[in-house]
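Reading through the structure tokens given below for one structure.
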Amino acid sequence: MTEIRATAASRLPRTRPAEATLPPSGLAGLKPEWSRLVEVAETGSAASHGWHLLDNGPQLDALGVIPVGTILCVHGNPTWSYLWRGLLAAATDAAQSGAPAWRVIAVDQLDMGFSARTGSAAPAGATGRQHAGTGGFRPLARRVQDLGDLTDALELAGPVITLGHDWGGVVSLGWAVDHPELLAGVMLLNTAVHQPAGDKIPAPLRLALGRGILGPATVATPAFLATTLALAHPPLSPEVKRGYRAPYLTGDRRGGIGGFVADIPVALEHESRPELDRIAEAVRSLAVPALLLWGPRDPIFSDRYLDDLVERMPHARVHRFEGAGHLLAEDADYAAAALLWLGDAVADRLLDSVRAGTSRSRNGDLNKLDQRMGAPGELPAATSGFAPEPASAAAPSPLVEPVEAVIGGPAAAWEAAGTHPLWHYLDVFEDSDETALVDMQPAPRTVSWRLLSRRVRQIAAGLVHIGVTPGDRVSLLVPPSADLTAVLYACVRIGAIVVVADAGLGLPGLTRAVRGARPDFVIGAAPGLMAARALGWPGRKISVARFPAPMARLLSIEHTLAELIQLGQARLEAGDLLPTEPRPSDAAAVLFTSGSTGPAKGVVYSHGQLSAVSRALFLQYGVGVGTGLVAGFAPFALLGPALGARSVTPDMDVTAPKTLTATAVAAAVAAIDATVVFLSPAALVNVVATADALTPADHAALAGVQRFLSAGAPISESLLAQAAALMPGATAHTPYGMTEGLLMADITLDGIRAATASVADSPRVGAAADESAGLLETGSTSSTSVAVPAAGEQRSAVNPAGGVCVGGSTATTRIRISALDASGASVGELTEEPDVTGEIVVSAPHVKDHYDRLWLTERASRRGAVAGERWHRTGDVGHLDGAGRLWVEGRMPHVMVTADGVTTPVGPEQRIETLPDVFRAAFVGVGPLGTQQQVAVIETVPPARRVHRAAEPLAAAVRAAVGSPVAAVLVVPGLPTDIRHNSKIDRSQLSRWATGILSGGRWSKP
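So the sequence shown is numbered by the numbering used here: it starts at 1 and just counts up by one.
Now the structure itself:
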């Protein structure tokens, strides 16, 4: 096969030379005024070739603006400069609005697009130097030089930002490392710069390189082109496909496609291998800002190539567009992302070098892009010059509250942080025979502090022995148990980063999470390891149980937990020491959101932030040494040892919280004399429903509970009251938080009742209700629409939007609101002013460090933050009342914008759910923002068997309860909810479903 690959170019069909031409008119999204032809002399020969390129420079000249720099775009195979049409349009529009102006030059590489066809394939046996530049096959070094020849002919001056995709990524990086005097930054879409010796290249390319396939698939027929165009998600429109096919209508026009494939240096002796290796190593020295935008559904450039690029450019900003693939430029709004990054990282460095005689605001259209991408609208202050950013400055900001530099080791760092590491009590109680935790499955098993501490040290030493090092990622696919607890604390003790993607995400969500986190090791039970084998999850495999040898080989299991314990004990007895303790600022874990409003996001926590979570629980609820903690939500059970508390997870299926019964809770309470119980709302529903099965002994056990918590989704006062009745000695709490910040606010059952009473007693409520009834009759503005008062305008005493009261901020937390504007965007300054509806923004020492490889998402979550402080935009919408209590009104993606104003969903849902015939409701919008129609989707009592329109009496009651126009009332057997909590209603899915139903689609279940 090596020989076949090494001589691939000789197997390409001969093609005829052709001059460069302009593209035909009428190609979708391509403006004819961008196209130009340039004749370029070829270095090292007497030949010259015509290049076609797209260039918005003349348009910028017409606007009277001077660009701050040039974006040099290089396509891959088998695309052409058409790939970058979106960036040319976006950059020109941004410049017209007053944002920093970027000239965009998108080239057609020779033998590609509408640039010249240089002639026949290389003669058999000719070397790259002998035929460089003379045939359809142009090796990598020649293509890098070609690009240099073009920029010389254009007399291109700096600063230049390179942007490349596919094989164009390598070519653009080759130009970048060869032109440091012009380079100001690099941007890349899916590409690769290194192919490890011995690793197979992606299967589609292996197939294309096969003998008898290369020529027919790439040149003689459009098969390779068609296959590439089929990789878009969603599929390309016929008009866009026509645009990509336009330069490649005949075999003579497709010679460059075959030449690119033949130039893949799969063998060490391939003539392009030295150039590829040169570029790959030179990239390590790039200190300019870098942006990597990635489509993880790429069958060619998978995440392993992204990992390699990140290792070479650790300072790069990275964003993975979940659901996007190889044609990222078609799958996602990469242009907006690129311009935002340029504004952050590069543009303001260059502004002082520009002397533009214009009065335009330099922020201009970037503010619009910020809103489109959910990112900040404020550009940093300008600095002079365009010198490359030094490596230290290019490194991503840690985005944490400033801490004084600590001189000394980890102990001094922890002392300065004012907390202690997660494993602190494992050291304190290493000789204690008191209970640390209890396993309830398959039968109750008690684990002492002594045993847990010893097991953690043994596993830690074993992990070090097999090669786990600080910073390695270890995915834990183990159900809640003593094994999971021991493995987790062993990993964090040695500085490994635990990846916790729970089974509650469902198999598709779990697959996306594990692949996206790219673990180095996977420790799992049988179900997790089987899924890892079947779905190709990365990482070396370790099993918590023994398997027969054939099965172990099939699952690629290298070690078992028992073997790690034996290895670790041997190393400890031999005098080996565990690695130096991690510092508070070191990364400790990647946790995943529930995925209730999109793909689950990886959330990175540092050691200090996880310890701060423990401290917040202690300060708010007194959970600490001596506390017995029943955790019906696995992450809280794992915090038990960090708190010095004994803990237990009740007998339940963690992927289905509704399987938890009242007797299982009572058994868990009795097992550890629990004083604190934490359950999810979905679990709570079934606990209350199965309460009749409780025995006198069960009731006696539950009577000893002092504090009861339920969180994870909105919970009604009645459900909380029913649960509290089962634990008569407990104070019932419902904390508010999210994966990014686990404990932000808290309210008791009595607090909920007081908050409800304060609203009911307010004279404004009755007035609002009366006003709403009158408006309903005339079809005027809804009282549930959220008005954004002008500066200085008097606000009402009670926000009419309603919501769920989640109480005041916890001891270490600050809560602010960023007001919504008329379009539903959260653009207001952070405020504590009461009755302002907007996005909820929080700050606390235990807020997450950052999102994992989601630069745009992280940027958006920090928008408007106070400089030097850690703030997080939660994505929830709500308001503060006059007593400082927080009321949650829904999620930002679920905000509706009708012709009458902005509406949040929870208030209308609450009013609908007061009707006796309604069990649960969702309130969603259909249609475009600004003219959305409101739709109610309900579960009835008794449950419906099929989807249908509500009968007129029920529909009329719903409309009266809402108090504003409702386009339709739809009845469903069940509302879709998230997998983890089984309680968060997926309003986005319902909106899409309702749109289909009301547009004449089939009446299927949502």
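Note that CB positions come from ideal geometry on N, CA and C, so glycine has one too.
Can you name the start and end residues of the beta strand (DSSP E) that residue i belongs to?
i: L954; result: Note, L954: premise wrong, no beta strand (DSSP E); alpha helix (DSSP H) at 952-962.
i: T831; result: 826-831
i: Y736; result: 736-738
i: S25; result: From DSSP, S25 is part of no beta strand (DSSP E); its letter is neither H nor E.
i: H872; result: 871-880
i: W887; result: 886-891
i: R317; result: 317-320
i: V687; result: Here V687 belongs to no beta strand (DSSP E); instead the alpha helix (DSSP H) covers 681-689.
i: E909; result: No beta strand (DSSP E) contains E909, which is instead part of the alpha helix (DSSP H) from 906-912.
i: F592; result: 587-592
i: S991; result: Careful: S991 lies outside any beta strand (DSSP E), inside the alpha helix (DSSP H) at 987-998.
Pick from the options: whose alpha carbon is nearest that of residue i?
i: F521; options: T560, N686, A549, F547; result: T560
i: A20; options: V888, T118, L929, A513; result: T118
i: S481; options: A443, W294, V464; result: A443
i: V464; options: I494, V969, V499; result: I494
i: V966; options: V947, T43, A936; result: A936
i: R450; options: P204, A867, V897, V428; result: V428
i: D252; options: T15, K848, R992, D586; result: T15
i: E717; options: G996, A664, V804; result: V804
i: A230; options: V170, G169, V160, L327; result: L327
i: L886; options: I747, G927, F636; result: I747
i: E909; options: A246, S964, R317; result: S964
i: L437; options: D431, R445, E430; result: R445
i: L88; options: P973, K1005, V972, L339; result: L339
i: G621; options: V888, S710, A486, A90; result: Reading off the sequence shown, one finds Tyr at residue 621, where the question assumed Gly. Here the closest residue by C-alpha is S710.
i: P928; options: R870, V971, G824, A960; result: G824
i: A176; options: P13, I213, L286; result: L286
Is residue i near residue j, with beta carbons less than 9 Å apart?
i: G628; j: I672; result: yes
i: D876; j: R891; result: yes
i: L188; j: L147; result: no
i: S606; j: A588; result: yes
i: W80; j: D108; result: yes
i: P584; j: A811; result: no
i: A336; j: H233; result: no
i: L505; j: S594; result: yes
i: G751; j: G807; result: yes
i: L173; j: T70; result: no
i: V924; j: L954; result: no
i: G626; j: T649; result: no
i: L1018; j: T739; result: The first residue shown for the chain is 1 and the last is 1006, placing residue 1018 beyond what the model contains.
i: G168; j: G76; result: yes
i: A1038; j: T218; result: The structure shown does not extend to residue 1038, since the chain is modelled only from 1 to 1006, so the question has no answer here.
i: L726; j: V687; result: yes
i: G57; j: V38; result: no
Based on DSSP bridge pairs, tell me the residues matched to residue i.
i: V924; result: V935
i: H52; result: L37
i: I557; result: K541
i: Y851; result: V603
i: M187; result: L163, L291
i: W102; result: G69
i: S809; result: A745
i: D439; result: R445
On the DSSP letters alone, give me the boundaries of the alpha helix (DSSP H) that residue i sits inside.
i: K241; result: 238-245
i: Y334; result: 334-342
i: H424; result: 424-428
i: V1012; result: The requested residue 1012 is not part of the displayed model; the chain covers only 1 to 1006.
i: M530; result: 526-535
i: E181; result: Run containing E181: none; DSSP gives neither H nor E here.
i: F708; result: Careful: F708 lies outside any alpha helix (DSSP H), inside the beta strand (DSSP E) at 707-710.
i: V310; result: 303-312
i: A94; result: 85-97
i: L720; result: 717-726
Would you mind listing the alpha helix (DSSP H) stretches within the stretch 250-290 that are 4+ residues and don't spill past its ends, in chain order? You should have 255-262, 273-283.
Continuous beta strand (DSSP E) assignments of at least 3 residues falling wholly in the stretch 465-505: For the stretch 465-505, whole beta strand (DSSP E) runs of length 3 or above, ordered along the chain, are 473-477, 497-500.
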